[in-house]
Every structure is written in C-alpha cells, then in structure tokens.
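To start, the structure itself, in structure tokens.
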Amino acid sequence: MRLLLLALLSFSLAACDTSGVFLEQSRPVPSVSAPNQDGKIVNVKEACSGPWALVFFYPEADTPG
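Using our numbering, read the sequence shown as starting at 8 and increasing by one per residue.
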C-alpha cells in the first residue's frame with residue numbers, strides 16, 4: 008500500500024507541469040516511472056492497472072507550500 012501511495016505521489020508530481028495541459032478524465036494513465044522510498048523504480052501505469060485510481064499528494068511536513 009505504501010508503495011502504491013508513493014507511486015501515485017510520483018505520478019501526480021510528474022503530471023503537474025507548467026504547460027497548462029491537464030490529464031482528462033477517462034484517459035489512460037501515462038507511463039511515468041520514479042524511485043520509491045527504497046530506491047526501487049516504480050511504474051505508475053503498472054501500479055494503477057485496475058479500473059480506478061485515486062491520485063492524492065501533499066507537501067512534505069514542515070515545508071512551505
């Protein structure tokens with residue numbers, strides 16, 4: 008579960024770019040990979056292979072923003 012949450016965090020950070028382009032509802036999850044807390048590379052598309060996915064993130068504790 009922790010791995011999935013970190014993968015979703017990585018996906019949400021990667022999806023937040025400055026181009027103003029947002030992912031549309033019902034579109035496939037893009038293939039985004041990022042390291043988890045153990046340094047293992049996690050592919051978000053594989054982690055979100057089910058019919059539903061919730062992407063949620065928040066800033067690290069004691070940081071601005």
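The beta-carbon is built from N, C-alpha and C at its ideal position, and this holds for glycine as well.
- The C-alpha of Val36 lies about 14 Å from the C-alpha of Leu11.
- Distance from the Cα of Arg9 is smallest, within the candidate group Val49, Gly57 and Asp69, for Val49.
- Looking only at Leu16, Ser33 and Ser17, the smallest Cα-Cα distance to Gly57 is reached by Ser33.
- Buried is the label assigned to Ser17, since at least 16 other Cβ atoms lie within 10 Å of its Cβ.
- Per DSSP, Ala41 lies in no alpha helix (DSSP H); the unbroken beta strand (DSSP E) holding it starts and ends at Ser40 to Pro42.
- For the pair Lys47 and Ser38, the CB atoms are not nearer than the 8 Å cut-off.
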